[in-house]
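Asks: Chains as they are written, first to last, in this note's numbering: chain A, 4 to 192; chain B, 19 to 120. Every residue gets a Cβ at the ideal spot worked out from N, C-alpha and C, and that includes glycine.
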């Protein structure tokens, strides 16, 4: 089923079209969300929410962008919202700890992306941790290009910015990552 | 040492080159469909602009006030005419009409 027909069937409320959409786009949505939230179970949950939201709001899809671009945008937004909520929870917990009401949170283990080659697993875990310290736009651009393999143009469509802006975001992301990683390795000495 | 760290940083940066996409669990699509079925359909509000919402509300209130006053007047009129006719009947029954009294 081509994209236009799929969108039309989704607009008609066809649940078979929903399953087809999920089967066609599940890998890209899941991989993007996983790279952002770095938690397998949460990523599956959020990715499912992405598809449900797309189905429920398909009538607002005007076809100006590709369906995949729209899916990436929703996936990225959902992942960012989840992270903001997590940060807010952490802040509240930290406050509770100060006044002696909180429960000490367990440190999450390092995230290992399943698509990384075994010999690079440890280094990639360090990189994924460093990526979490990047500003949102730089992180999204870096993830879309490096883990999803999008071109600068495609990433620009998702972020709604020009190719030059994506280039600038990637340049700053790499520079920031270099600084973060240098500090990390220096602290390991 | 500086050169070593620089190399480690560059190696780390390139560690995700050629990575593969992560795959969700095999029943991901089934679970997504069951989640969709569980969720209530979105509540659709046909009037989205507040000005229309307020106007509709005012119209609804005006219609209610009109009906209420209209019905009250009607009921009052009915009661009054009912009262008059029952009084006349009463007077007739006991021969208390003005013509028969004198």
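#1: Please list, in chain order, all residues of the same chain as residue 80/A whose beta carbon is under 7 angstroms from its beta carbon, the five residues on each side excluded.
#2: Does residue 67/B have its Cβ less than 8 angstroms from a Cβ in chain A?
#3: So with Cβ pairs under 8 angstroms, would you call residue 155/A a contact of chain B?
#4: Which whole-angstrom value is the C-beta distance of residue 30/B and residue 130/A, which I expect to be below 8 angstroms?
#5: Less than 7 angstroms between the CB of residue 25/B and some heavy atom of the ligand NAD, yes or no?
#6: State whether the stretch 29–36 of chain A contacts the stretch 140–154 of chain A, with contact taken as three or more CB pairs (one from each stretch) at a distance under 8 angstroms.
#7: Using beta carbons (cut-off 8 angstroms, strictly below), is residue 5/A in contact with chain B?
#8: Among 73/B, 54/B, 44/B and 80/B, which one has its Cα closest to the Cα of residue 59/A?
#9: Any beta carbon from chain A within less than 8 angstroms of residue 46/B's own beta carbon?
#10: To the nearest angstrom, how far is the alpha carbon of residue 46/A from that of residue 79/B?
#11: Looking at C-alpha atoms only, which residue of 111/A, 29/A, 53/A and 10/A is the closest neighbour of residue 84/A?
Replies: For this structure:
#1: none
#2: no
#3: no
#4: Your pair residue 30/B and residue 130/A checks out as a contact, with CB atoms roughly 5 angstroms apart and the cut at 8 angstroms.
#5: Looking for the ligand NAD in the displayed structure turns up nothing, as the structure carries no ligands at all.
#6: yes
#7: Taking Cβ atoms only, chain B never reaches closer than 8 angstroms to residue 5/A, which makes this a no.
#8: 54/B
#9: yes
#10: Straight-line measurement puts the Cα of residue 79/B at about 49 angstroms from the Cα of residue 46/A.
#11: 53/A
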